[in-house]
Structures are given as C-alpha cells and as structure tokens.
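Notes follow the structure.
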Amino acid sequence: MPELPEVEVVCQGLGPLVRTRKILSVSFSNKKLRKPFPRAKMYSRVEGSFILGVERRAKYIMLRLTGKSVMLFHLGMTGKIGLFDRDSPRRKHDHLRFLLDNGKEMRFNDVRRFGCVEVYSEKELRENDPFAGLGPEPFSEDFSADYLLNKARGKQVPVKSFLMDNRVVVGLGNIYANETLFAACTHPHTPVNRLSRLDWQRIVTKSRLILKKAIAMGGSTISDYENVSGEAGYFQLELAVYGRQGQPCSRCGQPVVRSVLAGRATFCCPVCQK
DNA sequence: CTAACTCCCTGATAGC
DNA sequence: TGCTATCAGGGAGTTA
C-alpha cells in the first residue's frame, strides 16, 4: 500500500487526532507482525505516556511520547492506522489497539502482516539509529542531481530499482518510481551509470512534483489504502503508467508496456521513455 | 562488492 | 461451486 504520500497523509491526519492524548493501555493480537511485538516496552514506555506529536521519516510513522520514548509504525503493504470508538466492533486483522483517554482507540490493522511496530528510548534511537543507512528524503536538499550522479557511479542497476532502494532515497515505492520515470522521460531499465546530470535533475524535479501532488490528493488507493478516517485517496486517477499496460500513453498514444524488474511490475511508454 | 532472487502473509481475481 | 495459479503498495535476507 503505502509509499511516501500515503504515509505522509496518515501522519498529517493522525497528528491532530492523538496529540496530547494519554495512552491508557495497549492490547495485542495473538499473531506477530514482521517482528514480534515489543510487549515489555509497550507496557513500560508506552502505557501511561502522552503523545506529543506525529512525524514521518521515510515510510515510518513516528509517535513522540513523554518519557523520552518514540514509537514507530511501518505499514508494510497493507497496514492501516485508524481511530475508533473504544466499543466499536473490531475488524479482522486488528493487531494492536491503543486505548486513549478520550474514549477512542487507535488501531493498527494489517492483513498481510508485513508491517511492524517498534519502541525506542531517545537514547536507543541515538545509539542504535533504525534510520541509519537510509538515503535522504526526496524533499531534502541532499536529494540532488549531483548526489544521484555520484551514488550511481560504477553501478549498472536499472534506474527504477535504484530509485526504489531505501539507501539511495526513501519514500519512493513501485507506484511513484514508475510515475517519476515516465514524467522524466527515462526508461526504467536504463542502467544508472548511463544517466547524465541532466537526467538526474529531471528525475529529482519530477519525483518531487509527483509526490507533492499525490500528498495533496490524499495518496493513491489501488485496492485498500485508506487514511486515518477510512477515506480513500484520489491520486490513482492521475497515474500515467502504473497499472495501465495496453492503454494508450497520454503523450504519444502508443500502448503502455508492462515488464518485470527485480520481481516488481514495471510500466513504461517505450516511445517516450528512453 | 553488486544485482537478482526468495521469502514473509492474506485475499482478490482469473481461468479451468 | 470450487479448485489452482497469479498477483499485490515493502523490505530483509540469501545467493551467484
């Protein structure tokens, strides 16, 4: 489900709903997510704490808590966070429930269980940074044509796989990597060492444009993404190539072609993207 | 080292 | 109706 725009929309929606709220108790399902629940830390660091704020880093949702604690959520492919009345019926695949001091419950639901939840103290965060090794945020100055040109030196990975690599840049997943390359007129299979500084500049500019627009439109709902209020996004209506194999390219009318790159569905217009 | 492949898991959909 | 195969927004780990 969620790439940078979807995670950003969730964070923006969640913040006002939970900021200043106290977490009274935590409940777990009997199935583990990608990693086992950090139960001990949930009881010692999360229960009884207040939520100070919600931020996004890469595709993580970060809740800052009193007591110098941080709780991280990763939505994986099908993770969802929502606010519900404490007595409302639980849904299938609700794996975590946080009872708040206003009668609401924050619930983490994840069908495929590729998501995860972690709890850190600020000290642990500094000493054992879970974000170490991640590349820059797409909207940061560090994400530049020069940076990419340098990072790509001597590598032959296809540019689409490169953009989806967290160590290169965070937040771009399969949808937005495909869309960025279409907008930048760059073929997804191009080995990265063949791209010029100008090519990279186009990629930087277009990726930011697309991510920004996707955030403004509430993200892309392909099958089941929804924001904290259970609403779908609209950016899927704007997708130029993702999922559109056989349909005419919006620029030249030739059919969009689907291929597979590193096991991921890849879409491009072989005429417009060189 | 790089790049490709495999696996984690459930559910929707297509084809027989 | 029901079976089987394929595919899905991510990412970590293994293999050649």
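Just so we're aligned, residue 584 is where the first sequence starts under our numbering, counting upward by one. Here a beta-carbon is modelled for each residue, glycine too, at the ideal position from N, C-alpha and C.
Beta-carbon contacts of residue i that lie in its chain and below 7 Å, excluding the five residues immediately before and after
i	result
residue 708	653
residue 735	745, 775, 776 and 778
residue 727	787
residue 813	665
residue 752	718, 719, 721, 726 and 746
Option nearest residue i by Cα separation, candidates the options
i	options	result
residue 592	853, 716 and 797	797
residue 628	731, 806, 730 and 655	655
residue 750	856, 772 and 641	641
residue 768	754, 742 and 748	742
residue 695	807, 818 and 845	807
residue 849	789, 758 and 644	758
residue 733	772, 585 and 783	783
Reduced DSSP secondary structure (H/G/I, E/B, other) of residue i
i	result
residue 765	helix
residue 702	strand
residue 687	strand
residue 722	coil
residue 807	coil
residue 710	helix
residue 777	helix
residue 760	helix
residue 620	coil
residue 638	strand
residue 697	coil
Where the beta strand (DSSP E) through residue i begins and ends
i	result
residue 652	652 to 657
residue 677	677 to 683
residue 743	No beta strand (DSSP E) holds residue 743; the alpha helix (DSSP H) holding it covers 742 to 746.
residue 614	No beta strand (DSSP E) contains residue 614, which DSSP labels as neither H nor E.
Beta-carbon spacing of residue i, residue j below 8 Å
i	j	result
residue 836	residue 816	no
residue 657	residue 611	no
residue 697	residue 660	yes
residue 691	residue 662	yes
residue 599	residue 794	no
residue 673	residue 686	no
residue 820	residue 771	no
residue 824	residue 852	yes
residue 704	residue 755	no
residue 839	residue 827	yes
Host alpha helix (DSSP H) of residue i (start-end)
i	result
residue 594	587 to 601
residue 627	Segment: none, residue 627 is in no alpha helix (DSSP H) and carries neither H nor E.
residue 782	780 to 799
residue 732	728 to 735
Cβ-based neighbour list, residue i, same chain, cut-off 6 Å, excluding 5 preceding and 5 following
i	result
residue 834	855
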